[in-house]
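Note that the protein sequences, when read in sequence, are chains A and B. For what it's worth, my numbering labels the leading residue of the first sequence as 8, then goes sequentially. For what it's worth, my numbering labels the leading residue of the second sequence as 477, then goes sequentially. In this text, a Cβ means the ideal position worked out from N, Cα and C, and glycines have one as well. Predicted model, so just to flag it, every value in this text is computed and none were measured.
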Amino acid sequence: MVLPLLLLAVVLCAALAGWALWFVVRDRAVILKQLFGAAAVEAVLVVQAVVAGVLQATTDHPVDGPLFWGYLVTAAIVLPIAAVWAFAERTKWSSVVLFVAAVTVAFLEWRLWQIWGAAA
Amino acid sequence: MSGTSEPTTTPRPTGSGFGRLLVAVYGVLALAAVARSAYQLVLKLDEAPLAYWLSAFAATVYVVATVALARGTGAWRTVAWCAVVTEALGVLVVGTDSVLQPEAYPDATVWSVYGQGYGFVPLVLPFVGIWWLWRTRSGGEPGTESEAS
Numbered sequence: 008m009v010l011p012l013l014l015l016a017v018v019l020c021a022a023l024a025g026w027a028l029w030f031v032v033r034d035r036a037v038i039l040k041q042l043f044g045a046a047a048v049e050a051v052l053v054v055q056a057v058v059a060g061v062l063q064a065t066t067d068h069p070v071d072g073p074l075f076w077g078y079l080v081t082a083a084i085v086l087p088i089a090a091v092w093a094f095a096e097r098t099k100w101s102s103v104v105l106f107v108a109a110v111t112v113a114f115l116e117w118r119l120w121q122i123w124g125a126a127a
Numbered sequence: 477m478s479g480t481s482e483p484t485t486t487p488r489p490t491g492s493g494f495g496r497l498l499v500a501v502y503g504v505l506a507l508a509a510v511a512r513s514a515y516q517l518v519l520k521l522d523e524a525p526l527a528y529w530l531s532a533f534a535a536t537v538y539v540v541a542t543v544a545l546a547r548g549t550g551a552w553r554t555v556a557w558c559a560v561v562t563e564a565l566g567v568l569v570v571g572t573d574s575v576l577q578p579e580a581y582p583d584a585t586v587w588s589v590y591g592q593g594y595g596f597v598p599l600v601l602p603f604v605g606i607w608w609l610w611r612t613r614s615g616g617e618p619g620t621e622s623e624a625s
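This is the structure:
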């Protein structure tokens, strides 16, 4: 796990959460631009998965593999669910859901960092 | 009384309005609990069987609550009631038990120490669920989208 990547994911999630919260206040539904933001977070998660996989394969960094990958996979499916929700529901509640999802992913990133570091 | 909206006796669907937020938070907790208990049951069952089966049970209840609240009508309301009351009892009983005799819980469950590991969300959520089910028991309350029809 590379710290800059993790920080990038957290910062993107925080920005997305703030954007969604602003839309909740304005009583607006999720827009496509926000889903592009979510896609950017997903892209970082994919890069993270690749980097973690390479590090695990090439170094002897001790990490609880199933736990780490469980968290990574879970983090990766949260935003797509919010995106589906955004298409299904065109009210401000889709923004609420996107906000919850972005905060959740940020939290999962923090847990990933703990898990990666805990075994070191 | 000739109001613009006629009060109805049909319960409002629990999945609408504020219920969306509730369903979303329940969904996150259900996801977390299922992922965790799957990991525990598959890889570490021998270490703390009681705690891990309890985790699996809690995860199941959260999934049921999420689905029932999302559906939110008819028999699903009854299912939702059972699920949120089970959660409330679970977090209070297991929470208290884990404080009184921590040695019985060598590893944490969702409900240990009143859901401390999950920011006490498991303690608050069932009561929000109960409040919401109670509030939506009859339709046509003011300040909701059901009166705008």
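On a CA-only basis, which of the options is nearest residue i? Give me that one, please.
i, options, result
"Val-32 (chain A)", "A:Val-107, A:Thr-111 and A:Lys-99", "A:Lys-99"
"Ala-506 (chain B)", "B:Lys-520, B:Ser-531, B:Pro-489 and B:Ser-588", "B:Ser-531"
"Gly-605 (chain B)", "B:Phe-533, B:Tyr-538 and B:Leu-526", "B:Tyr-538"
"Glu-49 (chain A)", "A:Thr-66, A:Glu-96, A:Val-18 and A:Val-70", "A:Val-18"
"Ala-527 (chain B)", "B:Glu-563, B:Pro-582 and B:Cys-558", "B:Pro-582"
"Ala-46 (chain A)", "A:Ala-64, A:Phe-114, A:Leu-119 and A:Val-85", "A:Val-85"
"Ile-88 (chain A)", "A:Gln-63, A:Val-70, A:Val-107 and A:Leu-14", "A:Val-107"
"Trp-529 (chain B)", "B:Val-543, B:Ser-513, B:Val-575 and B:Trp-608", "B:Ser-513"
"Ala-564 (chain B)", "B:Phe-603, B:Leu-519 and B:Gly-591", "B:Phe-603"
"Val-53 (chain A)", "A:Val-9, A:Val-104, A:Ile-122 and A:Ser-102", "A:Val-9"
"Lys-520 (chain B)", "A:Ser-102, A:Asp-71 and A:Gln-55", "A:Asp-71"
"Ala-534 (chain B)", "B:Tyr-502, B:Gln-577, B:Ser-492 and B:Pro-489", "B:Tyr-502"
"Ala-93 (chain A)", "A:Ala-36, A:Thr-66 and A:Leu-79", "A:Ala-36"
"Ala-580 (chain B)", "B:Thr-490, B:Arg-488, B:Phe-596 and B:Ala-524", "B:Ala-524"
"Ala-56 (chain A)", "A:Ala-109, A:Gly-124, A:Gln-121 and A:Leu-13", "A:Leu-13"
"Leu-601 (chain B)", "B:Pro-578, B:Trp-557 and B:Thr-486", "B:Trp-557"
"Leu-609 (chain B)", "B:Val-569, B:Ala-509 and B:Ala-541", "B:Ala-541"
"Pro-489 (chain B)", "B:Gly-595, B:Gln-577, B:Ala-544 and B:Val-597", "B:Ala-544"
"Gly-595 (chain B)", "B:Pro-578, B:Pro-487, B:Ser-492 and B:Ala-508", "B:Ala-508"
"Leu-119 (chain A)", "A:Pro-73, A:Asp-67, A:Phe-30 and A:Ala-22", "A:Pro-73"
Kindly give me the distance between the Cβ atoms of residue i and residue j, rounded to whole angstroms, as I take these residues to be in contact under 8 Å.
i, j, result
"Leu-599 (chain B)", "Val-567 (chain B)", "5 Å"
"Ala-546 (chain B)", "Val-499 (chain B)", "5 Å"
"Val-103 (chain A)", "Arg-496 (chain B)", "6 Å"
"Tyr-515 (chain B)", "Gly-77 (chain A)", "5 Å"
"Cys-20 (chain A)", "Ala-109 (chain A)", "5 Å"
For residue i, would you say it is in contact with chain C, using Cβ-to-Cβ distances shorter than 8 Å as the test?
i, result
"Leu-74 (chain A)", "Absence of chain C from the displayed structure is noted, the protein chains being A and B."
Practice task
Answer yes if the stretch 37-49 of chain A comes into contact with the stretch 21-29 of chain A, meaning at least three C-beta pairs across the two stretches below 8 Å, and no otherwise.
Solution key: Flag = yes, the stretch 21-29 of chain A and the stretch 37-49 of chain A touch.
Problem - the stretch 109-127 of chain A contacting the stretch 573-592 of chain B, beta-carbon criterion three pairs below 8 Å - result: Put simply, the stretch 109-127 of chain A does not touch the stretch 573-592 of chain B. Fewer than three CB pairs are less than 8 Å apart.
Exercise for the section: Could you tell me whether the stretch 569-583 of chain B touches the stretch 541-554 of chain B, using the rule of 3 or more Cβ pairs below 8 Å? Expected result: Not touching, per the Cβ criterion.
Exercise for the section: Go through the stretch 491-527 of chain B residue by residue and report every complete run of the alpha helix (DSSP H) that reaches 4 residues or more, in order. Expected result: Entirely contained in the stretch 491-527 of chain B, the alpha helix (DSSP H) runs reaching 4 residues are, in chain order, 494-519.
Practice task
Within the stretch 15-84 of chain A, note down every full alpha helix (DSSP H) run reaching 4 residues or more, in order along the chain.
Solution key: Counting whole runs of 4 or more residues, the stretch 15-84 of chain A contains the alpha helix (DSSP H) stretches 39-65.
Problem - Ranges of the beta strand (DSSP E) found wholly within the stretch 536-595 of chain B, counting only runs of at least 3 - result: You should have found no qualifying run.
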